[in-house]
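Here's the structure we're looking at; comments come further down.
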Amino acid sequence: MNTHSGRRARTAAAATGLAAVLLAATPGIATAAGENLPPLQPSIDTLTANWSKACSAEPVHVPDAPELRAVVEDPTEDNQEWETNGAGAEFEVWWTDADGVQQRRSHTSGIVHSPITQLWRTPSDLPADTVVSWHVRAVDREGATSAWSDEAPGITCRFVIDTVNPEPATIVSEQYPDDDNGWHDGVGVYGSFTFDSPSEDVVEYVYSVLGSAPKRVRPEEPGGPVTVRWMPEDSGPYYLQVRAVDRAGRSSSQTTHDMRVAAGRAPVAHWTLADPAGADDAAAEAGPVARAEDGVVFGAPAPSRTDLTSTVTLDGRGNSYLTPDAPATDTARTFALSAWVRPAATDSPMTVASQDAADGTSAFTLGLRPTADSPATWAFRYGATTLTGGSASAGGWAHLTGLYDTEDDTLRLYVNGKEVASETGVAPVAAPGAFQIGRARGDAGARWQGEIGDVRVWDRVVPRKEIERLGSRPAELVAAWDIERTDDGVIPDRDGDKPLTLHGGAGFYTPDYDACFEDPECVEFPADALDGNDHLALDGTDDYAAAGDPVVDTADSFSVGLRVRFADTTPDRPMTLLSQGDADSDAFKVRYDPAASEWQLVVTRGSEPGAAETVVAGPGAPTSHTDEVVVVYDDSEGHITLYVRGEVVATTEFNASWSAPGPLQIGRGHTADGGWGEYFHGGADTVRVFSGALTASQVKSFAYLY
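Quick note on numbering: the sequence shown equals residues 1 to 706 in our numbering.
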């Protein structure tokens, strides 16, 4: 067959079809009834090789014989009512072989409803390293064809099959070399890694660290090297793997770069502020000693559940600050600082730490800012940028961290180990003056009133994981009662030093399975105990259980929970499940109010007679099985929350808690007249008390936290 003459015939047919289109488009000239219009010329924009390689006059490179695709469409204007517009595609490829002879291959697809993407998997005998041209045209059910895709205004598509993989990449890093010479640089320090392959057609490198999700980076020009930056967040052995990818999409074998990352550098300045009462200055774990003025009082309390033993108290006056009389770090480069703080008040701006700039201001300040209609927030100002976030409560401990990273000019603020604000594109600011603890230049000094401890300054990035560890105050179990039957009216706790005493005739429920087995009329087994073999049974009249002393300091963060089962899922009066207070009122109590169908958390703002109560509530009803009820107070965030069956039912801002001297009560609370009442009718078990605030995920498994 003469392929050239065949092509001329097809071209002639296309010309005839095109004439028909022009005739139909000419005003005043109608197409004869039933005349078939040719399909539309395929658009260059829809032509691809292997999906991603768009049609190009400059040859695209592919790894093997490609799959060609094109969108074809037949117009509907010439259809009869019963007809559908179907279209197929005729593909053609051609090249010149080593003998100078032009070779061709073609393929015509089936015809289906249009518009449709048609494809052709080209034959495997197409030559490698040869420019192959291709085009396509549409064919309709009547055999009419469109113009070829490369006829005006189109272009001829071209590709080259590349069957050779690129050479593996080399990896070079000055900071983190692959050698046997020990541990290098450290956590929070960026390293540069240069990838380079001898192959000149490499257009991309794919790399990952420790098997993480792959990242892709492209050199400025094909075959050129590329440099990436990476920062470790933990010390230990690491490996980086990279593959070179050429313009055809072929990949090299993998290169592995092993390295050992040292621990992060210690702070360049560190004052624990745990010096003995009466000290004249603060000793330094790193950096210079900090001079203490007269308004600084050493020996103040430290945040619980931390390694700190004491802190300093500042009274907010002119002489209540500490300073080393020297800069702690170069603030125009990457730096971070942190501190434990407890504000005595939140109604005015206060500074935890700052460093003097040359113009009589502070280059940065870390501290607190009041707001007009919401709780005060923590703030980190650097130059003209101020970040705010978190909730600052008077009397509540918080861990603050400010970080400036010159790698991407990002400023970050962390509260209690969690990032609360960030901003990129922040210009560096120099601060050649002295580091200050408890004051800042300008803004009337914004002197701190309250406690400060463990002030640290770094000249590196402090990664998120490290900040989480520094700012963590994990809840600690202080009492656990796995309630089982006893004969002396006392329920021991797990450690044996905090017993619960039963009052008012409170007893135990033990399911009697044997009796049901022995009774031929028994059709329903007794309900299981809430946990174990027995649980506490309270009659709702005068039964309750109480510890002998306060189990937890209610002025600090705490969590208390238990399992209960109501004797009636529609009780006839309010019932209190948990409480702790004094002889006249409750610092907190958890109750259920059937009239409102609400779980309620009641907190009292102080121990004085007539102190205001806050009631927060959420809708719900007891189940006939087990309800897990947990109350969590987080003094650093200033929130108290009630959970039922692991879900939040009520929460409120609260920072006026007080240290209740009375014991924990199970099954009763104070009434409006100051007496005891609202006795619980039902079963109780698995009582847990924690110093510190449980997380939402921990609440779901509070009974199993040891």
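Even glycine gets a Cβ: it sits at the ideal position worked out from N, Cα and C.
Per DSSP, reduced to three states, the secondary structure at residue 465 is helical. In the structure shown, residue 44 adopts helical secondary structure according to DSSP, grouped into three states. Residue 577 sits buried, since 16 or more C-beta atoms from the chains shown fall within 10 Å of its C-beta. The distance from the Cβ of residue 353 to that of residue 368 is about 12 Å, inconsistent with a contact at the 8 Å cut-off.
Residue 157: member of the beta strand (DSSP E) spanning 157–161, first to last residue. Restricting attention to 163, 144, 117, the CA atom closest to the CA of residue 128 is found in 163.
With fewer than three CB-CB distances shorter than 8 Å, the region 430–444 does not count as touching the region 205–213. In this structure, DSSP gives residue 404 an extended state, which the three-state scheme calls strand. Looking at the DSSP output, residue 137 shares a beta bridge with 90. Its Cα nearest to that of residue 682, the residue 535 stands out among 512, 535, 355, 665. Approximately 11 Å separates the beta-carbon atoms of residue 469 and residue 233; this is outside 8 Å, ruling out the contact. Per DSSP, residue 558 is one residue of the beta strand (DSSP E) stretching across 558–566. Measuring C-alpha to C-alpha distances from residue 699 to each of 506, 563, 339, 461 identifies 563 as the nearest.
Under the DSSP definition of a beta bridge, residue 414 partners with 401, 419. By the criterion of a C-beta distance shorter than 7 Å, residue 528 is surrounded in its chain by 511, once the five residues flanking it on both sides are discounted. Here residue 378 is buried: its Cβ has 16 or more other Cβ atoms, across all protein chains shown, within 10 Å.
The Cβ neighbour count for residue 200, taken over all protein chains shown within 10 Å, is under 16; the residue is labelled exposed.
Nearest C-alpha to residue 693 among 285, 324, 396, 331: 396. The C-alpha of residue 533 lies about 31 Å from the C-alpha of residue 633. Taken through DSSP and simplified to helix, strand or coil, residue 470 comes out as helix. Pairing residue 337 with residue 311 gives a Cβ-Cβ distance that is not under 9 Å. Secondary-structure assignment with DSSP links residue 264 through no beta bridge to anything. Annotation for residue 513: the continuous alpha helix (DSSP H) segment containing it runs 513–518.
One alpha carbon belongs to residue 198, the other to residue 223, and they sit about 7 Å apart.
Residue 106: member of the beta strand (DSSP E) spanning 102–108, first to last residue. Under the three-pair Cβ rule at 8 Å, the region 85–93 does not count as touching the region 51–61.
Counting along the chain, residue 699 sits inside the alpha helix (DSSP H) bounded by residues 696–699. Of all alpha-carbon atoms in 225, 292, 194, the one lying nearest the alpha-carbon of residue 257 is that of 194. In this structure, 344 is the residue among 344, 584, 94, 568 with its C-alpha nearest to the C-alpha of residue 452.
Taken through DSSP and simplified to helix, strand or coil, residue 345 comes out as coil.
Nearest in C-alpha terms to residue 668, of all of 541, 282, 131, 478, is 541. Assignment of residue 195 by DSSP, reduced to helix, strand and coil, places it in the strand class. Secondary structure of residue 445 (DSSP, three-state): helix. Annotation: residue 674 to residue 574 spans about 16 Å, alpha carbon to alpha carbon. The beta carbons of residue 335 and residue 458 sit about 6 Å from each other, so the pair counts as a contact at 8 Å.
Counting other Cβ atoms within 10 Å of its Cβ, residue 215 stays below 16 and is therefore classed as exposed.
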